[in-house]
DNA sequence: ATGTGC
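In the working numbering, the protein residues as written are 704 to 1190.
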């Protein structure tokens, strides 16, 4: 293995806005890194080993690294792994189907007064369970039984909209429904306990999941949501990892390294789990969106219209002009199909390409992009956010709660209802979203359609962190000695 | 990401 510190000098600038990486560690798998030289220089050295991992699954045809990439589980968060048959687990991740919703309104940002923002965040928090382990609270989805849950994870957006949806246009969801075989069932039994998902439908979760009110470049109010498949996807990933390890105990020791070749008895079964997890995540996002739209009507007396819903943790069968029919794993990467892509035929996006939803931190720009024909060079993929640049534990040590809270208040951004900013999710821990998106536009993968600035942010405070009373000195051990895992 | 760890 090449020294971790030397590899960056081997990345050859293609002059087209990306680097082609060729080292003996990668075999003959093409690796493209879509970064500026500066973003590449700032990348943690450990990412090289994870890029090598990404090329080592059976049947890998191509690997792309997006400009927001950072250290992840086995492969970088921000990687696109294209195979001709094998399905890898790390490159889908624990949060199967995690993704974004964007919505817009005609309401001028001037209506988002401090009082209106406070009422909005209060309404949202009352309606949407947030934080690890929290159950959903949406009236329509709480109390559903196991049979109805089965219909939801098999029917996806199509079933949800027909049965529950009030004002969702299915054309604005990336996938109506991912097909699940009748003969397949959820791996209920196992330590992963995916049944947690039954009561968690309609909840936001923790970590980097959020709800955010924004204003666009014309001064209209927009909204973004980031969430996934909660305990359901996590539980299934855990149980399938056990199956992968049992199948190849000598080789597969970490979930990062788990995979199923086409001849594995679990190959199709795992794809069913990915489809069910993605259907759950999509319904979760649509249900949360509708709940937020109700909160928005209460506060702003106006409608929020869905712009788009899209996942950035998924493996899907796709067509590529040079690679043919392939499996595209996107681990913290967003699909970007431009106008004329055959998979958009017959949809409302045929002439334009579909929207691409890119969040920045809650004190930085977020974006809605439009894919360009050049996206063929990245396997029809772009970044999924700004990308973490500071580990959570480091953030807890390095940042002052009061100083960060003051910065947000001065910027006019309300976080939750008390203005206390989760430090390990604050602006300083993320790369500049503008710099990351410029790497995408410079490479000709997409163009900017909307630039969105945060107004009000809802995000769970890490439950492990002791609550500090204002004005009282904090001597808790977790503030002084955090753990050093980045995600 | 997560019934969120050493």
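From the three backbone atoms N, C-alpha and C, an ideal C-beta is built for every residue, glycine too.
Give the C-beta separation of residue i and residue j to the nearest angstrom, bearing in mind that I take them to be a contact with Cβ-Cβ under 8 Å.
{"i": "residue 1010", "j": "residue 860", "result": "Actually they do not touch by this definition, with Cβ atoms about 15 Å apart."}
{"i": "residue 924", "j": "residue 808", "result": "5 Å"}
{"i": "residue 766", "j": "residue 1081", "result": "Incorrect: roughly 11 Å between the Cβ atoms, too far for contact."}
{"i": "residue 748", "j": "residue 1016", "result": "That pair is no contact at about 25 Å."}
{"i": "residue 931", "j": "residue 820", "result": "About 26 Å separates the two Cβ atoms, so there is no contact after all."}
{"i": "residue 1164", "j": "residue 1125", "result": "5 Å"}
{"i": "residue 1087", "j": "residue 1035", "result": "5 Å"}
{"i": "residue 786", "j": "residue 1029", "result": "7 Å"}
Give the single residue among the options whose Cα lies nearest to the Cα of residue i.
{"i": "residue 1145", "options": "1117, 711 and 740", "result": "740"}
{"i": "residue 975", "options": "1089, 1030 and 857", "result": "857"}
{"i": "residue 791", "options": "867, 1126 and 946", "result": "946"}
{"i": "residue 1040", "options": "1084, 912 and 948", "result": "1084"}
{"i": "residue 1014", "options": "1057, 934 and 717", "result": "1057"}
{"i": "residue 927", "options": "999, 814 and 1004", "result": "999"}
{"i": "residue 662", "options": "1079, 738 and 841", "result": "Look at the range of the chain in this structure, 704 to 1190, and you will see that residue 662 is not part of it."}
{"i": "residue 899", "options": "849, 1007, 1027 and 788", "result": "849"}
{"i": "residue 1136", "options": "796, 1064, 1096 and 1148", "result": "1064"}
{"i": "residue 1143", "options": "742, 815, 793 and 920", "result": "742"}
{"i": "residue 1133", "options": "773, 1122 and 763", "result": "773"}
{"i": "residue 796", "options": "1097, 961 and 1129", "result": "961"}
Return the CA-CA distance between residue i and residue j, expressed in angstroms with no decimal places.
{"i": "residue 844", "j": "residue 752", "result": "43 Å"}
{"i": "residue 1182", "j": "residue 1099", "result": "Here the model assigns residue 1182 a pLDDT of 37, short of 50, so the residue's position is not dependable, and the following value carries that caveat. In a straight line, the C-alpha of residue 1182 is about 6 Å away from that of residue 1099."}
{"i": "residue 940", "j": "residue 1119", "result": "31 Å"}
{"i": "residue 1070", "j": "residue 1158", "result": "14 Å"}
{"i": "residue 894", "j": "residue 942", "result": "7 Å"}
{"i": "residue 1111", "j": "residue 1105", "result": "10 Å"}
{"i": "residue 778", "j": "residue 959", "result": "7 Å"}
{"i": "residue 987", "j": "residue 822", "result": "23 Å"}
{"i": "residue 722", "j": "residue 736", "result": "5 Å"}
{"i": "residue 1188", "j": "residue 1102", "result": "A caution first: residue 1188 carries a pLDDT of 35, below 50, which makes its placement in the model unreliable, though a value can still be read off. Rounded to whole angstroms, residue 1188 to residue 1102 spans 17 Å at the Cα level."}
{"i": "residue 744", "j": "residue 1048", "result": "40 Å"}
{"i": "residue 775", "j": "residue 902", "result": "28 Å"}
{"i": "residue 1184", "j": "residue 965", "result": "Low confidence applies to residue 1184: its pLDDT is 35, below 50, so where it sits in the model is not reliable, and the reading given next is rough at best. Going from the Cα of residue 1184 to the Cα of residue 965 covers about 45 Å."}
{"i": "residue 674", "j": "residue 1059", "result": "Here the chain covers residues 704 to 1190 and nothing more, so residue 674 does not appear."}
{"i": "residue 1090", "j": "residue 731", "result": "28 Å"}
{"i": "residue 1155", "j": "residue 713", "result": "36 Å"}
{"i": "residue 970", "j": "residue 963", "result": "5 Å"}
{"i": "residue 1195", "j": "residue 770", "result": "Residue 1195 is absent from the model: the chain starts at 704 and stops at 1190."}
{"i": "residue 710", "j": "residue 754", "result": "11 Å"}
{"i": "residue 768", "j": "residue 1005", "result": "40 Å"}
{"i": "residue 878", "j": "residue 804", "result": "13 Å"}
{"i": "residue 855", "j": "residue 1045", "result": "28 Å"}
{"i": "residue 717", "j": "residue 1131", "result": "31 Å"}
What are the boundary residues of the beta strand (DSSP E) that includes residue i?
{"i": "residue 1070", "result": "1069-1074"}
{"i": "residue 1153", "result": "1149-1162"}
{"i": "residue 1139", "result": "Segment 1136-1145 is the alpha helix (DSSP H) holding residue 1139; no beta strand (DSSP E) there."}
{"i": "residue 1016", "result": "1016-1023"}
Starting from residue i and walking both ways along the alpha helix (DSSP H), at which residues does that stretch end?
{"i": "residue 950", "result": "933-950"}
{"i": "residue 1107", "result": "1104-1113"}
{"i": "residue 1097", "result": "1095-1101"}
{"i": "residue 820", "result": "817-830"}
{"i": "residue 722", "result": "First-last for residue 722: 722-724, but that is the beta strand (DSSP E), not the alpha helix (DSSP H)."}
{"i": "residue 977", "result": "970-1003"}
{"i": "residue 858", "result": "849-866"}
{"i": "residue 900", "result": "899-903"}
{"i": "residue 687", "result": "There is simply no residue 687 to check, as the chain begins at 704 and stops at 1190 in what is shown."}
{"i": "residue 757", "result": "750-758"}
{"i": "residue 741", "result": "740-745"}
Taking 7 Å as the cut-off, is the beta-carbon of residue i closer than that to any non-hydrogen atom of the ligand NAD?
{"i": "residue 1165", "result": "No copy of the ligand NAD occurs in the structure displayed, which carries no ligand at all."}
Check: Touching or not, the segment 883-894 and the segment 1050-1060, by the rule of three or more beta carbon pairs under 8 Å?
Finding: no
Margin query: Under 8 Å: do the segment 948-962 and the segment 912-921 share three or more Cβ pairs, one atom per stretch?
Written below: no
Notebook entry, point to check: Quick one: any contact between the segment 821-837 and the segment 878-885, if contact means 3 or more CB pairs under 8 Å?
Noted result: no
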